[in-house]
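All remarks here apply to the structure that follows.
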């Protein structure tokens, strides 16, 4: 039975899409020249027409299911249907019921399906349930679990044994269980990444350069996104931070690395520099000096910078 998540009007809309397409398909199938002279050509076309109709029927069933049971818009359903083809509803119904059991709301389930439609054809017992059980044993509340999966549904299609559990154990070897949960809430992407490609080499580089475990733990727990950058770019950012006079044994190095690692972060840094120069009359040396003493001054939004005010200029240097 299809899970009745949405209104009758939406149901009718889905059925109207199916009916119209079926009618169009049937019309294309029936119209033709049946004269004897065309029997040979017809024998070649008929199997293709039957196959096309079956394919169209399955496609329309998928679209209708995505609309009526998952809450997708007609446009979203058509787009998502390019990634999967449902043969019937029981399997997909079981997936929706399982997600609901673990605390996902109808809106959250709709977002999950829209983001990762192939989840509807995943085996609920063999593929999804073990991962849901693992994450529910790690995360404190069902609300948190629902938000994590809504934000990153790709987690449910990663290998539990080869990806998720090893990543959890890797993080747990560096930071507390509480901080691992925080990473899962805030930067769950790391559970999808091949940590050996960039994360591990980046951490090893910091160790080789003398960063203490306390600072590495700070980076892993609160600035995890920095570690995903390609090793070459990460190494270049580390050298840039060192050249500015930051001490690798202090937490300010971690904050500065966050501000300068990655194109987006550097763009924010450059924007902040220009704001300070334009609005407060800072020189380049003033900017670098303030950054060394308080790296977070270069990661604030323009609104916060202006709210901070020129009157705090001297405090910035004394912090």
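Numbering (this note's numbering), first residue to last: -8 to 310.
For every residue, glycine included, the Cβ atom is placed at its ideal position computed from N, Cα and C.
Between the C-alpha atoms of residue 179 and residue 206 there is a straight-line separation of about 21 Å.
In this structure, residue 67 keeps its C-beta atom at 8 Å or more from the C-beta atom of residue 97. By the criterion of a C-beta distance shorter than 8 Å, residue 224 is surrounded in its chain by 252, 253, once the five residues flanking it on both sides are discounted. DSSP, read as helix, strand or coil, puts residue 151 in helix.
Taking a 10 Å sphere around the C-beta of residue 234, we find fewer than 16 other C-beta atoms and assign the residue as exposed. Contact check for residue 248 against residue 279 fails: the beta carbons are separated by 8 Å or more. Here residue 110 has 86, 103, 104, 144, 147, 148 as same chain residues with Cβ atoms under 7 Å from its own Cβ, once five neighbours each way along the sequence are excluded. Close CB contacts of residue 121 within its chain, under the 6 Å cut and outside five residues either way in sequence, are with 151 (chain order). Leaving aside the five residues that flank residue 257 on each side, the residues in its chain whose CB is nearer than 7 Å to its CB run, in chain order, 251. Annotation: the continuous alpha helix (DSSP H) that includes residue 206 extends over 204 to 213.
The three-state secondary structure of residue 272, taken from DSSP, is coil.
Pairing residue 185 with residue 222 gives a Cβ-Cβ distance that is not under 8 Å. Secondary structure note for residue 118: it is in no alpha helix (DSSP H), with a DSSP letter that is neither H nor E.
Judged by their CB atoms, residue 203 and residue 246 are not nearer to each other than the 8 Å cut-off. The beta carbons of residue 212 and residue 166 sit closer together than 8 Å.
Annotated three-state conformation of residue 180 is helix, per DSSP. Annotation for residue 193: the continuous alpha helix (DSSP H) segment containing it runs 190 to 199. When the five nearest sequence neighbours on each side are left out, the beta carbons in the same chain lying within less than 8 Å of the beta carbon of residue 171 are those of 129, 159, 162, 163, in order along the chain.
In the structure shown, the three-state DSSP call for residue 126 is helix.
The beta-carbon distance between residue 108 and residue 74, rounded to whole angstroms, is 5 Å. This is short enough to meet the 8 Å contact definition. Assignment of residue 232 by DSSP, reduced to helix, strand and coil, places it in the helix class. Closest by C-alpha distance to residue 153, out of 239, 182, 231, 80, is 182. Collapsing the DSSP output to three states places residue 166 in coil. Listed in chain order, the non-local C-beta contacts of residue 238 below 8 Å within the same chain comprise 244, local neighbours out to five positions each way being set aside. Here DSSP, grouped into helix, strand and coil, assigns residue 61 to coil. In this structure, the straight-line span from the alpha carbon of residue 65 to that of residue 139 is close to 26 Å.
Rounded to whole angstroms, residue 117 and residue 268 show a C-alpha spacing of 58 Å.
Non-local beta-carbon contacts of residue 232 in its own chain, meaning distances under 8 Å to residues more than five positions away in sequence, involve 244, 247, 248, 251 in chain order. Distance between residue 58 and residue 81, taken at the CA atoms: about 16 Å. Looking at the backbone, the Cα of residue 283 and that of residue 289 are separated by about 10 Å. The beta carbon of residue 127 sits closer than 8 Å to the beta carbons of 93, 133, 136 from its chain, once the five residues preceding and following it are set aside; these are given in chain order. Of the candidates 200, 296, 214, 214 places its Cα closest to the Cα of residue 177. Counting C-beta atoms within 10 angstroms of its own C-beta, residue 276 has fewer than 16 neighbours from the protein chains shown and is therefore classed as exposed.
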